[in-house]
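Working notes, structure below.
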Amino acid sequence: MTISPAPLFEDVAGGPAGGTAHWVTTSDNIRIRVAAWAPETDAKGAVLLFPGRTEYIEKYGSTAKEFVDRGYAVLAIDWRGQGLADRLLDDPRVGHVAHFTDFQKDVSAALRVARDIDLPKPWHVVGHSMGGAIALRSVIEGLSVQSCAFTGPMWGIYFNPVMKQLSRLTTYWGPKFGLGHKNPPTTSLESYVLSQEFEGNVLTRDPDMYKMMQAQLEAHPELSLGAPSTYWLGNALDECAHLATRPSPDLPCLTFLGTHEQIVDRDAVRARMQNWPRGRLVEIPGGEHEVLMEAAEVRNPVFDQLISLFAGNEPKAGSTTFQRSA
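In my numbering, each residue's number is its place in the sequence shown (first place is 1) plus 1478.
Written out as structure tokens, the structure reads:
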């Protein structure tokens, strides 16, 4: 395996000093990007950051800084089809994957980078949204981590009743009419954060964080992504259904879920966590999808709880309501 230097847009990332990025090729010949940051002194371990759909490494620069400031190294991934990783369709605005299990090939390639750069152990994984689905399959299938955490994990996709029926019709009939690589009806090929004003957005209640996301894509439009392909949507629904049949692994787990979550299926998250013997669900009143990118009084306690998990403090099984910091 050859690892070569890749760009890291530190002008917009807001990450810790000394970050590095690397190109690595997966087993099926897709080039992805992996970035790493480390504390200046001995690290207590490392966090594997699995981002969501449409996301890119630079979006997690501030998150990486939170972890590095607390003594943990960080490794983040640009999944195939997004960020600076290879786009898989002629139209780079469409998010696509042939099979959801292909993302596990990206995980394997990223872990080769982790080993090559001697990423400090023990490792912990944090999966957000689509990255939460990828991370769940990874830990079920034996990813070597000491603990796992999820924020707004995509263990189901939220639709209103009408859109739920339309999504199934679209994912069934679209490919039969040669539309599998096209975006589904009612979706847009424009970047969500560039086309949606802060007011009414479903990602965060923090205007500064939303401005950060917008500024990153305005400065580097090559990072942006629009709607998924119809194939992606069908594969995602199938993956969520499959994961629902798999038991949770024997790992300590924390999951954070906003009560105003409008992207993933809250009931699917609650159902999973009710049956995770070493897991705890923390619900954030009024919280949106991006709990790591909320205002400081919300995100700081989230990071504190994650660090406690990484330090070996087993969460009490069950669920709880989030407490803001003063």
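Positions of the beta carbon are idealized from the N, C-alpha and C atoms, including for glycine.
Quick check on DSSP: helix, strand or coil for residue i?
i: W1633; result: coil
i: H1698; result: coil
i: F1528; result: strand
i: E1536; result: helix
i: S1482; result: strand
i: V1742; result: strand
i: T1519; result: coil
i: S1622; result: coil
i: T1504; result: coil
i: A1804; result: Low per-residue confidence applies at A1804: pLDDT is 44, beneath 50, and the placement is therefore not dependable, though the value from the model is reported in the following sentence. In the structure shown, A1804 sits in coil (DSSP, three-state: anything other than H, G, I, E or B).
i: V1575; result: coil
i: G1605; result: strand
Could you work out which residue in the options is closest to residue i when comparing CA atoms only?
i: F1734; options: Q1560, L1644, N1778 and D1520; result: N1778
i: P1763; options: E1775, D1596 and N1713; result: E1775
i: G1796; options: G1765, A1773 and R1750; result: R1750
i: E1739; options: W1754, L1729, V1769 and S1726; result: V1769
i: E1536; options: E1700, S1482 and F1487; result: F1487
i: A1659; options: T1541, D1569 and I1595; result: The sequence shown places His at residue 1659, rather than the Ala named in the question. The candidate whose alpha carbon is nearest that of H1659 is D1569.
i: S1616; options: R1748, D1580 and G1634; result: D1580
i: A1461; options: N1791, D1743, D1596 and N1507; result: For the chain, the structure presents residues 1479 to 1804; residue 1461 sits outside this window and is missing.
i: F1600; options: E1668, R1748 and Q1624; result: This sequence places Pro at residue 1600; Phe is not what is there. The option with the nearest alpha carbon to P1600 is Q1624.
i: S1622; options: A1592, V1572 and H1698; result: A1592
i: A1554; options: W1633, H1577, A1576 and S1586; result: S1586
i: L1511; options: A1588, F1781 and A1773; result: Rather than Leu, the amino acid found at residue 1511 in this sequence is Arg. Checked all of A1588, F1781 and A1773; the closest Cα to R1511 is A1588.
Grab the span of the alpha helix (DSSP H) containing residue i for me, first residue to last.
i: E1668; result: Premise fails: E1668 is in no alpha helix (DSSP H) and is neither H nor E.
i: G1539; result: G1539 to D1547
i: F1781; result: A1774 to F1788
i: F1581; result: D1580 to D1594
i: L1759; result: Premise fails: L1759 lies in the beta strand (DSSP E), G1757 to I1762, not in any alpha helix (DSSP H).
i: G1796; result: Segment G1796 to T1799 is the beta strand (DSSP E) holding G1796; no alpha helix (DSSP H) there.
i: E1717; result: T1708 to L1721
Excluding the 5 residues flanking residue i on each side, which residues of the same chain have their C-beta closer than 6 Å to its C-beta?
i: L1784; result: A1627
i: G1609; result: F1528, P1529 and G1530
i: L1567; result: H1574 and H1659
Assuming residue i is part of the beta strand (DSSP E), what are its boundary residues?
i: D1556; result: A1551 to D1556
i: A1611; result: No beta strand (DSSP E) contains A1611, which is instead part of the alpha helix (DSSP H) from M1608 to I1618.
i: G1736; result: C1731 to G1736
Looking at the ligand NAD, does it come within less than 7 Å of residue i, judged from the CB to the closest heavy atom?
i: L1527; result: In terms of ligand content, the structure shown is empty, and the ligand NAD therefore cannot be addressed.
Excluding sequence positions up to five away, which residues of its chain have a Cβ less than 7 Å from the Cβ of residue i?
i: T1474; result: The chain is shown from 1479 up to 1804; residue 1474 falls before or after that span and cannot be answered.
i: G1443; result: Beyond the ends of the chain as shown, which are 1479 and 1804, falls residue 1443; an answer cannot be given.
i: R1571; result: L1667, L1703 and G1704
Under the rule that 16 or more other beta-carbon atoms within 10 Å means buried, what is residue i, buried or exposed?
i: Q1694; result: buried
i: K1794; result: exposed
i: V1640; result: exposed
i: A1804; result: Unreliable positioning characterises A1804 in this predicted model, as indicated by a pLDDT of 44, which lies under 50. A coordinate reading is not provided.
i: T1664; result: exposed
i: P1662; result: buried
i: E1766; result: buried
i: Q1643; result: exposed
i: A1746; result: buried
For residue i, which residues of its own chain have a beta-carbon under 8 Å away from its beta-carbon, when the five flanking residues on both sides are left out?
i: R1463; result: Only positions 1479 to 1804 of the chain appear in this structure, which leaves residue 1463 out of reach.
i: E1696; result: L1672
i: P1755; result: S1726, D1728 and A1795
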